[in-house]
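Here is the structure we will look at.
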C-alpha cells in the first residue's frame, strides 16, 4: 500500500523500458458508477497510476477544462465522502494500478483530517496531492498520512528558488510533481524554454521519480518532457477525450507517450 505500491508500479514500468504516464480524471464526471470501469480501462492502456480529482467549487490550480469537469461532477452529487465510499465498494486496494487523490485543503479540513487519512487507507488510496498546502503548513497532515501508509506527493513550481525546489523534492513521497507551466492546468501548444533545465535540476536532486504535469496534451509533448524526467501527468486532454466519448484516443495518447521515442 501507499508509497511502496507506487514504487512497485513505477519500477515495473521502467524495467519494461517505458516512460511513466499518469492520467488525471475527475471523480464523478460522467457519474461515479463508471469509476471502476474507467480505472480498469486506463490500467489496461498502460498507465503507472491514476490521479483522481475531487470536485471543488473554488479551485485555484485548475484551468477551464477541469473546472467544467468539476462542475459536472458536483451537479451529479459527487462529494469527497461519496468518492471514498465508491472506492471502498470496489476495493481500490485491489485496483491494477495505484490510486492517487488530488484534492484541495478545504474539503479535507471539512471532512476531518484524521478521519480523511483513515478513510483513505480503508478505501485503498495510495497517495495524496494537496496543491494549495504550502510546505510550511504541511505538518498539519503529513504525520497522519504517514500513520496510514499513504504517500504524500508534493508539487514544485518553476518559480521557486532552487533551494526550495530541492527541499520540496527531498520531502516528496511516491514521486515529485513538477508543475511545468506558470499558470493553471490546461492544454498548451508549447512550454517555456526554461522547463527542460528546470526538470534537469529536479532530476539531479530528487530521491523519487520526477513527473511533469500541467500543459501536457500530446504524445510529442510527453516524449519531449519525459526525456528530462521520468514521465508525465496529463489531465485536461484526458478529461476532454473521455467527455467526448473518444476512449480509443485516450489509449493512443497513453501508449504513444510511454514509448521511449527518438528524443529519449
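Numbering (the numbering used here), first residue to last: 4 to 267.
Idealized CB from N, CA, C, for every residue including glycine.
Keep in mind it's a predicted model, so treat the numbers as computed, not measured.
Straight-line gap, residue i to residue j (C-alpha atoms, nearest Å)
i	j	result
residue 86	residue 223	33 Å
residue 139	residue 97	34 Å
residue 71	residue 64	13 Å
residue 141	residue 205	21 Å
residue 46	residue 124	21 Å
residue 119	residue 151	10 Å
residue 247	residue 255	15 Å
residue 29	residue 74	10 Å
residue 168	residue 214	14 Å
residue 196	residue 57	32 Å
Residue-level contact to chain C via CB, residue i, 8 Å cutoff
i	result
residue 157	The structure shown contains no chain C; it holds only a single protein chain.
Whole-Å CB distance - residue i paired with residue j, under 8 Å assumed
i	j	result
residue 212	residue 13	6 Å
residue 22	residue 229	4 Å
residue 160	residue 176	About 18 Å separates the two Cβ atoms, so there is no contact after all.
residue 143	residue 116	7 Å
residue 216	residue 180	6 Å
Under the three-state DSSP convention, the category residue i falls into
i	result
residue 180	strand
residue 72	helix
residue 55	strand
residue 266	For residue 266, the predicted structure reports a pLDDT of 44, less than 50, and the residue's modelled location is therefore unreliable. A value from the coordinates is still provided. Coil.
residue 234	strand
Where the alpha helix (DSSP H) through residue i begins and ends
i	result
residue 29	Unbroken run through residue 29 is the beta strand (DSSP E), 23 to 29; no alpha helix (DSSP H).
residue 85	83 to 92
residue 116	116 to 125
residue 225	222 to 229
residue 241	239 to 246
Contact set for residue i: own chain, Cβ-Cβ below 6 Å, skip 5 residues either direction
i	result
residue 101	8, 9, 12, 52 and 129
residue 93	39
residue 201	161
Same chain, Cβ closer than 8 Å to residue i, neighbours up to 5 away in sequence not counted
i	result
residue 170	138
residue 26	45, 50, 53, 54, 236, 237, 238, 241, 253 and 257
Spatial neighbours of residue i in its chain, beta-carbon cut-off 7 Å, leaving aside the 5 residues before and after
i	result
residue 243	68
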